[in-house]
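Peer 1: Quick one: structure below, then a few questions.
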Amino acid sequence: MKSNRALYTAAFFAALLILWQGLYFAFGPRVLTPPWTTFANAWGMLKMPDYWPDIGESIRAFLIALLIAFGIGIVGGVLIGTWRTCSEVLEPLLVNVNTVPKVALYPVILLIFGLGMWSKVVFGALHGVIPIMISSIGAVRNVNPIYVQCGRTMHLTRWKMIRRIWVPACVPELFSGLRLGFSLTLLGTIFGEFFASQKGVGFLLMNAIDLRNIPTIMSLILILIIFAVLSNSALLAVDRRLHRHEA
Amino acid sequence: MHARVESVTRVYPGRGGHPPVNALGPIDLDLYKGEFLSIVGPSGCGKSTLLELLAGLAEPTEGRIEFEGREVRGRVPEGVGVVFQEDSSFPWLTVWDNVAFGLENEGIDSAEIKRRADFAVGFMGLADFAKSYPAQLSGGMRQRVCIARTLVLQPRLILLDEPFASLDQQTRLLMGDELLRLWRETGATILLITHALDEAAMLSDRVAAMSARPGRLLEIIFTGWPGDRDSRIVEEARFGTVTARLWTILREESMKAMGRTESKGPA
Amino acid sequence: MTRYGWVRLGIVGGAGVILEILCRASVIPRLIMIPPSEMLVSAWQILFSGEIKNDLYFSLVNIALAIALSVAGGFLTGLAIYSVPLLRATLEPFLTSYSSVPPIVFYPMLIVIFGLNRIPQIAIAVMFGLVPMAMNTINGLYRIRPVFLKVGRAHRVSPLASVFRIKLPAAAPYLFTGVTLAVSYSVIGVISTEFILSASGIGHQISFAYDNYDNRAMYGLVVLLLAVSMLLNSTLRYYSQRMLRRWAR
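As they're listed, the protein sequences go chains A, B and C.
Take 52 as the starting number for the first sequence in my numbering and just add one per residue.
Take 2 as the starting number for the second sequence in my numbering and just add one per residue.
Take 987 as the starting number for the third sequence in my numbering and just add one per residue.
Here it is as structure tokens:
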């Protein structure tokens, strides 16, 4: 049964590739590059040292943004979630703030942080931090109070309570929040790179758009997609494992 | 003979390497017109499955089910009403709209719909709550909504699957009285599935005891209660006798269902 | 308004006041941010002078079209996938990893194919919003309590009637979440594309103001944009809470 599903999914992706090829035949090389060429170009790009500084720059910016988003998000979220009054006041506020399209703040961030690394890092982190915080608050607050009661009746010390009850109970939901935050931070960082600096994958993409360099545009898109899908799949696998005990 | 179950079995096919599960049967049961019959048995013995088969919500693997002389298979026959174990009131409709739900597609005109829904709502004591939403009512009230919803179609056979399982004991006793009142005033045949032996003994004309899975009929007990009874029938000595007899039959079966036998004794 | 509501208002108001003071005292230079009060005045003026009327209209129409297409397309897609279990098994990995790829990366390609008009912008916005709507539709349909469907069968409701009388109302809260997401993403999609490359629209005007160091106009437009977004979200939240209050147990 499981092998059947994998087969169907593979067939679906094969169909997508065929569709891609078909679009190439329909629209021509001024609009698209076909699948094989794009993969080859992308591979070539990754091997060429000329592109490494930009790729490195993007990875660095993304990782820093991720660190900030995870750090502030989880620490802030857990702290807020632990104090009931605090979370009841702040959570609706955070949910409201989250609905603001962060794109609208992009020029403001550019003004504050100027062009360069920090604009994209802040913009990327901004996308991830609030959803992670909201999710962390939820993870802490949704711990079944029965578990806490059980711990108390067993006279667990404070440290033991945290280690053996709170942490295992919160971790699965915290991780789901991180997974969501990962994708959002990636989105924010790449978008931030469009205008914020003269380096990075996002900048390369904008540059290629200006120059109408179709093969480069498509290769960069492909690299981004593959990176996003692979990292997300890895996180998903961990997420599933953490949630394996749930009904 | 109002309904009849003949040599019925229900087997769930094996899936993904698991062997098929023989959930029920073979079982034979006759339902007499206008009687109040309860079915009791240990968990998992197939009581609910039997009810679904009778209702036409599931099909027997072998055997035949009849209602008013016609075969029941795959479709719910006209004249049969079902009340489920969980609260099935629709949260997006008011109490009145819930009750009127079944009448909409019967091609009845709106004046008649209003008359019948108003009657059922009043009959079940929900008149003050007609405009409320189920979420605002207690569990017992919500089950009354579900019963009222079944009543509007004027069923001749009412099947109830552990309808009071989620209610506290005292509410259950009162709801039992309600059920008896309903039975008397509609003249319908009632089949009640319950795991509470005292409830079955108190309310029914006959009580059928089923074995552990695969459920078969072990014994049918006549209570001999008068038609105008209510929950105070528990005063009668016979009530204790009937309940005791049921437990004697079912004690062994219940242990089997729990995975222990008499010889092993307490763990 | 609840007690906590006042506290929240206080927090937001307090933050605004602090910003105002910092700006007026030139701790925050004008080149970076103008005082919030001036932002509001600027927004008001821009809105009522009608100078960006065309751009506003362009963006709002695009957002509206994107919402309509995302919601309708997402719903139908979700319904189709729900009805054909094979589709769900096949598409599940695709759908779950879909959200990890920012659809914005396809914008350049679409411009090349369709030209620099509203089509690529709406298409990107729909790419943002359709999948969350579809996934919420699928989720909502799957989470319908099976007993409701049994009641439908017990009352001999036809399969088609059961879709409208039972399935849709039962899935409504999830569908609503999907709509909320679709709205949110449509705004993001349209505005992002307008920033990157566009001949018209609020995003384009903001970008233009930024390039010309016109902070007044820029902040005014940003405030307008935030106001539109908040209006949409508040309306949705109001109806959502009304619906949930009926349902809450």
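By construction, the Cβ of each residue, glycine as well, lies at the ideal position given by its N, Cα and C atoms.
All values reported here derive from a predicted model rather than from experimental measurement.
What ranges does the alpha helix (DSSP H) occupy inside the region 989 to 1029 of chain C, keeping only unbroken runs of at least 4 residues that lie completely in it?
Peer 2: 989 to 1010, all fully within the region 989 to 1029 of chain C.
Peer 1: Work out the CA separation of B:LYS257 and B:LYS265 for me, nearest whole Å.
Peer 2: Residue confidence for B:LYS265 is low, a pLDDT of 44 falling below 50, so the modelled location carries little weight and cannot support an answer.
Peer 1: Let me see if you follow: with CB-CB separation under 8 angstroms, is C:VAL993 close to chain A or not?
Peer 2: Interface residue, yes.
Peer 1: Report all residues from its chain with a CB closer than 6 angstroms to the CB of A:MET257; omit the five preceding and five following residues, and keep chain order.
Peer 2: Contacts found: PHE245.
Peer 1: Kindly indicate if chain C contains any beta-carbon less than 8 angstroms away from that of B:SER264.
Peer 2: The predicted position of B:SER264 is uncertain, since its pLDDT is 48 and thus under 50; a value taken from the coordinates is nonetheless stated next. No, B:SER264 does not count as interfacial toward chain C.
Peer 1: Below 8 angstroms, can you find three or more Cβ-Cβ pairs linking the region 209 to 218 of chain A to the region 229 to 247 of chain A?
Peer 2: These segments do not touch.
Peer 1: With a cut-off of 8 angstroms, does the C-beta of C:PRO1106 fall near any C-beta of chain B?
Peer 2: No, C:PRO1106 does not count as interfacial toward chain B.
Peer 1: So that I know if they touch, is there some Cβ in chain A lying closer than 8 angstroms to that of C:VAL1173?
Peer 2: At least one chain A Cβ lies under 8 angstroms of C:VAL1173.
Peer 1: Exposed or buried, B:ALA238, counting other C-beta atoms within 10 Å across all chains shown (16 or more means buried)?
Peer 2: B:ALA238 is exposed by the Cβ-count criterion.
Peer 1: Please confirm if C:LYS1136 has its CB atom under 8 angstroms from at least one CB of chain B.
Peer 2: Cβ-Cβ to chain B under 8 angstroms: yes for C:LYS1136.
Peer 1: I think A:ALA305 touches A:VAL252, with their Cβ atoms under 8 angstroms apart; what is that distance to the nearest whole Å?
Peer 2: Residue 305 of chain A lies beyond the residue range present for chain A, which begins at 52 and ends at 298; the question has no answer from this structure.
Peer 1: Does DSSP put B:GLY266 in a helix, in a strand, or in coil?
Peer 2: Confidence at B:GLY266 is low in this model, with a pLDDT of 43, below 50, so the placement of that residue is unreliable and no value is reported for it.
Peer 1: Please report the Cβ distance between A:ILE185 and A:VAL146, rounded to the nearest whole angstrom; I am assuming they are in contact, meaning their Cβ atoms lie under 8 angstroms.
Peer 2: Correct: roughly 6 angstroms between the Cβ atoms.
Peer 1: Determine the direct distance from the alpha carbon of C:ASN1198 to that of C:LEU1096, and round the result to whole angstroms.
Peer 2: So the alpha carbons of these two residues sit roughly 28 angstroms apart.
Peer 1: Taking the Cβ atom as the reference point for each residue, do B:ASP29 and B:VAL12 lie within a distance shorter than 8 angstroms?
Peer 2: The answer is no: Cβ separation not under 8 angstroms.
Peer 1: Take B:SER44 and list the residues in its own chain whose beta-carbon comes closer than 6 angstroms to its own, dropping the five residues that flank it on each side.
Peer 2: Answer for B:SER44: ALA258, listed in chain order.
Peer 1: Name the DSSP bridge partner or partners of C:SER1193?
Peer 2: According to DSSP, C:SER1193 bridges with nothing at all.
Peer 1: For my contact list, A:GLY179 and A:GLY128 are in at a C-beta cut-off of 8 angstroms; report their separation, rounded to the angstrom.
Peer 2: With 8 angstroms as the limit, A:GLY179 and A:GLY128 do not qualify as a contact, their Cβ atoms being about 12 angstroms apart.
Peer 1: How should A:GLY239 be labelled, buried or exposed, when 16 other C-beta atoms within 10 angstroms of its C-beta is the threshold for buried?
Peer 2: The residue is buried, with at least 16 neighbouring Cβ atoms inside 10 Å.
Peer 1: According to DSSP, is A:VAL148 helix, strand or coil?
Peer 2: DSSP places A:VAL148 in helix when its eight states are reduced to three.
Peer 1: Consider the Cβ of C:PRO1118: report whether some Cβ of chain A lies at a distance smaller than 8 angstroms.
Peer 2: With 8 angstroms as the cut-off, C:PRO1118 does not count as an interface residue toward chain A.
Peer 1: Roughly how many angstroms separate the alpha carbons of B:TYR33 and B:ALA213, rounded to a whole number?
Peer 2: Going from the Cα of B:TYR33 to the Cα of B:ALA213 covers about 25 angstroms.
Peer 1: Give a yes or no on whether the minimum CB-CB distance between C:ALA1111 and chain B is below 8 angstroms.
Peer 2: Chain B, which has no Cβ nearer than 8 angstroms to the Cβ of C:ALA1111, makes this no.
Peer 1: Give the interface partners of A:THR4 over in chain C, defined as CB-CB distance under 8 angstroms, in chain order.
Peer 2: Limits of chain A in this structure are 52 at one end and 298 at the other, which puts residue 4 of chain A out of reach.
Peer 1: Considering just the uninterrupted stretch of the beta strand (DSSP E) at B:VAL84, what are its terminal residues?
Peer 2: Counting along the chain, the beta strand (DSSP E) containing B:VAL84 begins and ends at 81 to 84.
Peer 1: In chain order, what residues of the same chain have a beta carbon less than 7 angstroms from the beta carbon of C:ILE1020, not counting five sequence neighbours either side?
Peer 2: Cβ neighbours of C:ILE1020 beyond the five flanking positions: CYS1009, ASN1201, ARG1202, TYR1205.
Peer 1: Residues in its own chain within less than 6 angstroms of B:GLU220 by CB, not counting five upstream and five downstream?
Peer 2: Counting only Cβ-Cβ distances below 6 angstroms, and skipping sequence neighbours, we find ALA210, ILE250.
Peer 1: Classify A:TRP134 as buried or exposed, calling it buried when 16 or more other Cβ atoms lie within 10 Å of its own Cβ.
Peer 2: Classification for A:TRP134: exposed.
Peer 1: Do C:ARG1139 and C:ASN1048 have their CB atoms nearer than 8 angstroms?
Peer 2: Cβ distance not < 8 angstroms, so C:ARG1139 and C:ASN1048 don't count as in contact.
Peer 1: Looking at the strands, I want to know which residues DSSP matches up with B:GLY216.
Peer 2: Paired residues: B:LEU25.
Peer 1: If contact means a Cβ-Cβ distance below 9 angstroms, which residues of the region 78 to 97 of chain A contact chain C?
Peer 2: Taking 9 angstroms as the Cβ-Cβ cut-off against chain C, the residues of the region 78 to 97 of chain A that qualify are PHE78, ARG81, VAL82, LEU83.
Peer 1: Under 7 angstroms between beta-carbons, which chain A residues line up against C:PRO1079? List them in chain order, please.
Peer 2: What C:PRO1079 touches in chain A: THR60.
Peer 1: For the region 1196 to 1208 of chain C, enumerate the residues whose C-beta is nearer than 8 angstroms to any C-beta of chain A, in chain order.
Peer 2: Here the close residues are TYR1196, ASN1201, MET1204, TYR1205, VAL1208.
Peer 1: Got a sec? Which residues, its chain only, sit under 8 angstroms from C:GLU1006 by beta carbon, not counting five neighbours each side?
Peer 2: The answer, listed in chain order, is PRO1021, PRO1022, SER1023.
Peer 1: Would you check if the region 137 to 153 of chain B and the region 177 to 193 of chain B touch, i.e. whether three or more CB-CB distances between them fall below 8 angstroms?
Peer 2: Result yes; three or more Cβ-Cβ pairs closer than 8 angstroms.
Peer 1: In chain B, which residues lie with their C-beta within 9 angstroms of the C-beta of C:VAL1143?
Peer 2: Within 9 angstroms Cβ-Cβ: PHE102, GLY103, GLU105, ASN106.
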